[in-house]
Amino acid sequence: MVSNRPLAIAVLGLRLHISLMWGGTLAAKLNHPIPTLHRFPVAPYLSPNIAMDNSTPAIYFQDLEKRFGSLSVLNGVNGQINRGEVVSIIGPSGCGKSTLLRCFNHLETINGGQLLVDGMDLAKPNLTRKQLLGLRAKVGMVFQQFNLFPHMTVLGNLTLAPRKVLGQAAKESSRMARFYLDKVGLGEKADSYPDQLSGGQKQRVAIARALCMQPDIMLFDEPTSALDPELVGEVLMVMKQLAEEGMTMVVVTHEMQFAKEVGDRVLFLNQGRVEEEGDAREVLSSPRSDRLRTFLSRMSGTLA
Ligand SMILES: Nc1ncnc2c1ncn2[C@@H]1O[C@H](COP(=O)(O)OP(=O)(O)OP(=O)(O)O)[C@@H](O)[C@H]1O
Ligand SMILES: [Mg+2]
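Letter by letter, the sequence shown follows residues 21 to 324 in my numbering.
Dropping the structure here:
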């Protein structure tokens with residue numbers, strides 16, 4: 021048990037700090053598509069409770085509640101994320117977007133309601149460590165900030181979780197890491213250390229690291245908010261590519277253009293509830309509620 025602690029911490033660290041940011045030359049280097057997902061086999065024993073049934077939603081949540089002490093953040097949130105869908109979550113600052121996303125990955129435990137992620141019931145108390153590792157192998161999380169392990173090479177960063185969580189052999193994990201590094205145009209940086217990379221390169225390494233886990237579902241928390249405007253298009257392109265590869269994606273974003281271009285659907289979260297949801301272009305072009313109209317007006321820099 022004690023010897024497993026460093027592994028659990030490393031895995032959690034990876035999951036907590038994976039970020040999405042791309043370097044400036046990526047567009048030119050991504051002439052070939054992101055590799056098809058599931059190319060590499062995943063150890064089935066890692067996800068004993070996960071039903072890989074494509075007819076069930078990737079994520080289903082009903083009357084979801086989350087409190088921090090006396091602060092009620094999610095007050096009965098309902099919805100579902102279908103497989104292969106790209107769903108954007110928008111809403112005012114502090115309305116609970118990140119919290120909802122973190123519930124999907126069990127980084128936050130819920131206080132009420134139902135939450136099924138890839139078939140796993142996250143409302144159940146006492147999930148085992150094995151179940152949690154299985155969940156986190158299937159549900160990737162990408163944050164605004166990246167956090168590579170500074171004492172490890174790029175290759176070391178990319179191969180750690182696949183070896184420890186997916187049980188891949190060193191040779192196989194290296195092969196996969198190089199494959200994804202090539203895809204993000206950083207094949208020559210495998211032996212570099214993070215502090216030898218530019219910010220953009222570090223960000224691309226972080227993406228490759230997320231892809232190395234071959235997740236079924238990717239959660240993105242404001243993936244473009246720290247990017248220079250000229251890099252946003254490259255992120256959209258890559259995320260669209262991921263969607264075309266069949267990736268199920270939930271994207272928290274403040275960028276309405278991003279939600280419109282990448283999202284199939286939008287959930288507008290307000291005061292801990294889904295206030296409006298529907299087709300991304302429809303919802304963002306013709307909001308039904310006054311609150312969403314006001315929110316969108318503020319986002320576009322004008323007052324409603
Ligand atoms: N670990 C925590 N402990 C206590 N309160 C928390 C915790 N995490 C979040 N909160 C509170 O929950 C509320 C929702 O936070 P959350 O980060 O989900 O908002 P958000 O919609 O993502 O906002 P933003 O757009 O600014 O990122 C906030 O009031 C926040 O202060
Ligand atoms: Mg947030």
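Note that beta-carbon positions come from the ideal geometry of N, C-alpha and C, so glycine has one too. Given the structure is predicted, the values throughout are model-derived calculations rather than measurements.
Item	Value
Reduced DSSP category for L66 - H, G, I as helix; E, B as strand; rest coil	Model confidence at L66 stands at a pLDDT of 31, short of 50, so the residue's coordinates are unreliable and nothing is read from them.
Range covered by the alpha helix (DSSP H) that runs through D202	A190 to K203
Neighbour flag for E297 against chain B, beta carbons, 9 Å	The structure shown has no chain B; it contains just one protein chain.
Sheet register partners of E296 (DSSP bridge)	F288
Status (buried if at least 16 other CB within 10 Å, exposed otherwise) for T179	buried
heavy atom of ligand 2 below 8 Å from K117 C-beta	yes
Residues near G104 by beta carbon distance below 7 Å, same chain, minus five either side	G266 and T268
Contact set for A197: own chain, Cβ-Cβ below 6 Å, skip 5 residues either direction	L175, L178, T179 and C232
D340 versus V106, P182 and T314, residue with shortest Cα-Cα distance	Because the chain is modelled from 21 through 324, residue 340 falls outside the range shown and cannot be assessed.
The region 106-118 / the region 279-296 touching (three or more Cβ pairs under 8 Å)	yes
heavy atom of ligand 2 below 8 Å from V272 C-beta	yes
Check whether P214 and M259 have beta carbons under 9 Å apart	no
Cross-strand partners of F81 (DSSP beta bridge)	G99 and L135
C-alpha distance - K191 paired with I227, whole-angstrom precision	21 Å
Range covered by the beta strand (DSSP E) that runs through D310	No beta strand (DSSP E) holds D310; the alpha helix (DSSP H) holding it covers D310 to M319.
Residue range of the unbroken alpha helix (DSSP H) whose run includes G154	R149 to K158
Three or more C-beta pairs below 8 Å linking the region 114-122 and the region 131-145	no
M161 - DSSP class collapsed to helix/strand/coil	strand
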